[in-house]
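Engineer: First the structure, then my questions, so here it is.
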Amino acid sequence: MTDVLGSDPIDGAAKEVAAARGRHLVLGEIVTLYALSVLVALFLSGLLVSLTGGSARDVFSALLDGSILRPGRWGLTLGSAAPMLLVALGTIINSKAGLVNIGQEGQLLIGAAFAAFVGTRLGGETTGSVAGFAVLLTLLLAGGLGGALWAAIAGALRFWRGVPEVLSTLLMVTIAANAVGYGLKKDWLLLAPAEGRSNRNQVSEQLADAVRVKRITVFGNEFPLTVLLAIALAVVVTFALSRTVPGFRLRMLGQNAKTAQRAGVDSTRYGMAAMALSGAFAGLAGGIMLAGGDFGNYQLVPGFSVSIGWTGLLVALVAREKASAAVLVAFLFAALRTGSGFLAATGVERKITGVVQALLVLALLIPPAVLYIRQRRRALNASKERI
Amino acid sequence: MVEPGTASGAPSGSATSNAGPTVGSTEGSILTTNQWRDDPPAVEVVGITKRYGQVSACDSVDLVFHRGQIHGVLGENGAGKSTLMKILIGLVVPDAGQVIIDGKPSVITDPIDAAEKGIGMVHQHFSVVNALTVWENVALGDQMRLNPEAIRDEIGDLSRHYGLDIEPNAVVGTLTAGLRQRVEIIKCLRRSPRTVILDEPTSVLSPGESEILFEGLRRAVEDEGMAIALVSHKLDEILGATDLVTIMRRGKVVAHQKTSDSDAAGLARAMVGRPVALRSEREVPSSETDSPKRRPTKPKQEHASLEIDSVHANGDDGRVLLDGLDLKVYRGEIVGLAGVEGNGQRPLADLLSSLMSLASGSVRVDGKPIACGRAGAMAKAGISVIPEDRHDSGCVLEMSVAENLFLADPNLVARRGILDHRKMTYRAERLIERFAISCEGPDAPMWSLSGGNQQRVVLAREMAHHPRVLVAAQPTRGLDVGAIEYMSEQLRQAAAAGVAVLLISTELDEILDLASRLVVLSKGRIVGEMSREAVDIERLGLMMGGAVP
Ligand SMILES: Nc1ncnc2c1ncn2[C@@H]1O[C@H](COP(=O)(O)OP(=O)(O)OP(=O)(O)O)[C@@H](O)[C@H]1O
Ligand SMILES: [Mg+2]
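Line order of the protein sequences matches chains A and B. Okay, so the first sequence: first residue is 1 according to our numbering, each after it adds one. Okay, so the second sequence: first residue is 1001 according to our numbering, each after it adds one.
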């Protein structure tokens, strides 16, 4: 099969085009295609808004205002992009190993719960900045650990029981939500002490000031330092996958498991590691959401994960397993999220951003295929003309 | 569709058709009138050019395939044969040139279009789905509702007509390579193409199987006016089965002649551009005529590098794969493992590739027991394997050539766990040069290489890193004559340097040429042994057939 089409006919085609027509021409074509398809997606979104009685113009300016233009907004967008990026990085790792983990939403929630537990138990009375920082580090690690364990369950089911990880990771999202819901009912787990919380609220205690992530302000935009952590991790992941021996072996496993086995890559060991790492990234995302301050009030509440896990999955999909692209896509999707905060004034449902996001996903996935088809058609037409 | 039984109206008007009862054919009208003889050429290509970066895979190729003829296409690895054929089937669009089908200039947009225009192809590498059964594979791509019964009947008819016996309900993954190839061929013939392209169809077939296939094809050619393009590296096959032969080198047609005017040495010279020592020429399987220089010197059996001890293994479905196999390979010898395909060759190679664990028995290298089935255990102990199916466990198509050269030991080109790209490129370049791998460079993706060049990458990797034991399973599959010569020399040198070489091959010629000792495999166990000097072909045949004398 592969001999026939090449492993990735689209990339292959892009290279062929590049060879035949000069790099800058191809680059131009790619950029044009992306711009066009994004424009079409935006146009369709606008159309939808108009059809439902809103003003497309208002909606777009509200989205722009809410995500970057108004004072302080792009800082907020960065803050939301960070956990999405982390989730996407984890997804890239398991995809490279040939595993499909789609339960990041649950792993993220478990990570947040672990982080909340550790952060409130250890950091309850902490005031000193050194001790606070130590607790913060511990709670972030706990978040990663929680996500890793949750994903590792699915991994274990896959490697020792043959349960497809697509199913188990997905189903475990629901279990995670219920488990955290349970924890939020028991004060020996996550529930805050009765004093200082209205009776029926199921929330955890707030993190003490000293154990929160430090927020910095740049040009009037405030965001948590964990944004830098996420970007640094994107660089680390890219490097590790492409340039280190374990990364090399992980890719080998994902692309040809038999060859990998022969070459000494134990599919169980590397597969479990990939699953756990992927979960750890999602769990860490949960941890930084809790301690970062952009998501709620430094406390765990039911439904804390607010679909960041799902969105991160989409980010990885659109970025086509490239960490560098994931950075940009995460920012874009985060912008939609923060921008939607300004929609109330336009009288349009916030949910419209979900539609815009879906259209954008399509818009970003389509151009490579179109490029391939266009180049083939061009060649075929040239052949026809020769007749 | 082919309907055996309707052929009672024998080929009366056809002067050239074989005498004797013909098994079948398409509609009687074609049979009796033979109108195809006056038809324009089935396929004609004019000035076809296809470039990949700096490489001209095809360079103004002119070629004509006539009805009623089998047309051989020969060429070195990477000469552009597969590319040309992929153009005819619509998988590759040429940069320049024309394809003329039945006298009409045509553009072939994709394989479905090609099928509608009467062109079918059997690819160099398998494109069957292992998890499906034979009939399901054959029916893949059918548009209407499936009628399993009818498809199975069709398969039965086709296999009788062309002598390609196959069980329609077998799961393809459990079949030997030769049988899988049959599935491919039947899949192609079922669309009743008028032009059939066969890209190295026999590299996985035994000589007997190939003969049967060519008999069937010859019938189709003579009775139905089929045109066949046959790509092959086997010169005797080209000489025996074709009417015309075209030789390509570096994308260009360099010779074009009648097969009856050709001989093996001449073809080889035209192909490679220099004289080649052909195995078929020097090989006479009797001890008197062996030149003493060629005859493998019998090494002393002092130190057993590889010891396989009463090994039993079963498949997932409980089938017995290895049944008490005992085998010792000594330092410096080449042991040829002869046998009919499907008697345990693949499981044995899998075992030595750490791909299979055992029910009982042991494997030892230099006396040390190896944990069978543990990832990389065999490789670590110094066993190199050239697997019979390079795409299955030999290489990673998505990775670069350089990466493929260091799959098992990336640490050779890494410092503290970090790959040193410069070093990797440098060492890869040297291997590319040494093994004459034609590719765009170390960073070229593996899938962009021609089949034979992929095989060379596997060879280079397995031979370059100083193994103690070298297992070569059908190592010449897909190699051109020059490369076979080179590889044989490499195997001999490896043995001379003290490597224990186990040559698993279904081609007796290959084994007789290289091995100093022969063992025969049948039903998962070794049933006999003889030294190269005392080879008795008849006894060997009996043993391979399972009748232990
Ligand atoms: N998709 C591709 N991208 C880049 N180069 C390619 C591609 N396909 C083929 N080539 C190059 O074109 C040349 C011809 O390849 P082709 O597969 O046609 O050779 P071949 O004659 O079939 O050889 P073999 O006997 O080894 O099968 C090779 O050098 C190969 O590397
Ligand atoms: Mg080829």
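From the three backbone atoms N, C-alpha and C, an ideal C-beta is built for every residue, glycine too. Predicted model only: the values in this text are computed from it and were never measured.
1. So residue 272(A) contacts chain B; which residues on that side make the cut at Cβ distance below 8 Å?
2. Counting only Cβ pairs nearer than 7 Å, list the residues of chain A close to residue 1410(B).
3. Going along chain A, which residues have a C-beta under 7 Å from residue 1541(B)?
4. When DSSP labels each residue in this structure, what does residue 272(A) get in the three-state scheme?
5. Any chance you could list the beta strand (DSSP E) runs of at least 3 consecutive residues sitting entirely within the segment 1046 to 1131 of chain B, in chain order?
6. Relative to chain B, which residues along the segment 250 to 267 of chain A have a C-beta separation below 8 Å, given in chain order?
7. Can you grab the Cα-Cα spacing for the pair residue 286(A) / residue 316(A), in whole Å?
8. Where does residue 1159(B) fall in DSSP's three states?
9. Report yes if the C-beta of residue 1081(B) is less than 8 Å from at least one heavy atom of ligand 2; otherwise report no.
10. Could you tell me which chain B residues have their CB closer than 7 Å to the CB of residue 383(A), listed as they occur along the chain?
11. In chain A, which residues lie with their C-beta within 8 Å of the C-beta of residue 1399(B)?
12. Pick helix, strand or coil for residue 1301(B), following the three-state DSSP scheme.
13. Just to confirm, are residue 1072(B) and residue 1242(B) a CB contact at a threshold of 9 Å?
14. The beta strand (DSSP E) with residue 153(A) in it runs from where to where?
15. Going along chain A, which residues have a C-beta under 7 Å from residue 1315(B)?
16. Cutting at 8 Å between CB atoms, please list the residues of its own chain near residue 1180(B), excluding the five before and the five after it.
17. Less than 8 Å between the CB of residue 1441(B) and some heavy atom of ligand 1, yes or no?
18. Kindly identify the DSSP beta-bridge partner or partners of residue 1311(B).
19. Locate the beta strand (DSSP E) running through residue 345(A), then write down its first and last residues.
20. Which term fits residue 387(A), buried or exposed, when burial requires 16 or more other beta carbons within 10 angstroms of its beta carbon?
21. Indicate the three-state DSSP secondary structure (helix, strand or coil) for residue 357(A) in the structure shown.
22. State the DSSP-derived secondary structure class of residue 1525(B), mapped to helix, strand or coil.
23. For residue 1418(B), go through chain A and note every residue whose CB falls closer than 9 Å to its CB, in chain order.
24. Establish whether the CB of residue 1098(B) and some CB of chain A are separated by less than 9 Å.
25. Going by Cα to Cα distance, which pick from 140(A), 149(A) and 141(A) is closest to residue 279(A)?
26. In the DSSP output, which residue or residues are listed as bridge partners for residue 215(A)?
27. Determine whether the Cβ of residue 154(A) lies closer than 9 Å to any Cβ atom of chain B.
28. Taking 8 Å as the line, does the beta carbon of residue 1256(B) fall inside it for any heavy atom of ligand 1?
29. Counting only C-beta atoms, is residue 1396(B) closer than 9 Å to chain A at any point?
30. Where does residue 1506(B) sit, in a helix, a strand or coil, going by DSSP?
31. Which of the three DSSP states, helix, strand or coil, is assigned to residue 1276(B)?
32. Going by CA-CA distance only, name the one from 1402(B), 1332(B), 1396(B) and 1439(B) that's closest to residue 1498(B).
33. Give a yes or no on whether the C-beta atoms belonging to residue 1367(B) and residue 1307(B) are separated by under 9 Å.
34. Entirely within the segment 89 to 116 of chain A and at least 4 residues each: give me those alpha helix (DSSP H) ranges in chain order.
35. Mark residue 1168(B) as exposed unless 16 or more other C-beta atoms lie within 10 angstroms of its C-beta, in which case mark it buried.
36. Would you say the beta carbon of residue 1480(B) comes nearer than 8 Å to a heavy atom of ligand 1?
Structural biologist: On the basis of the supplied data:
1. Those within 8 Å of residue 272(A) in chain B number zero; the least Cβ separation is about 13 Å.
2. 245 and 248
3. Within chain A, no residue has its beta carbon less than 7 Å from that of residue 1541(B); the closest one is some 33 Å off.
4. helix
5. 1055 to 1065, 1070 to 1075, 1096 to 1101, 1104 to 1106 and 1119 to 1122
6. Cβ contacts with chain B: 251, 252, 255, 256, 258, 259, 260, 261, 262, 263, 264, 265, 266 and 267.
7. 17 Å
8. helix
9. Yes, the Cβ of residue 1081(B) comes within 8 Å of a heavy atom of ligand 2.
10. 1093, 1094 and 1107
11. Within chain A, the C-beta atoms nearer than 8 Å to that of residue 1399(B) come from 251, 252 and 255, in chain order.
12. coil
13. yes
14. For residue 153(A), no beta strand (DSSP E) run applies; the uninterrupted alpha helix (DSSP H) run containing it begins and ends at 129 to 161, by DSSP.
15. Correct list: empty, because the minimum Cβ distance to chain A is about 15 Å.
16. Cβ-Cβ distances below 8 Å link residue 1180(B) to 1126, 1128, 1172 and 1204 in the same chain, with the five nearest sequence neighbours on each side left out; the list follows chain order.
17. The beta carbon of residue 1441(B) sits no closer than 8 Å to any heavy atom of ligand 1.
18. 1325(B)
19. Segment: none, residue 345(A) is in no beta strand (DSSP E) and carries neither H nor E.
20. exposed
21. helix
22. strand
23. When 9 Å is used as the limit between beta carbons, residue 1418(B) is near these residues of chain A: 239, 243, 244 and 245, in chain order.
24. So yes, residue 1098(B) belongs to the interface.
25. 149(A)
26. In DSSP, residue 215(A) forms a bridge with 224(A).
27. no
28. no
29. yes
30. coil
31. coil
32. Ranking the options by Cα distance to residue 1498(B), first place goes to 1332(B).
33. yes
34. Runs found: none.
35. Residue 1168(B) is buried by the Cβ-count criterion.
36. yes
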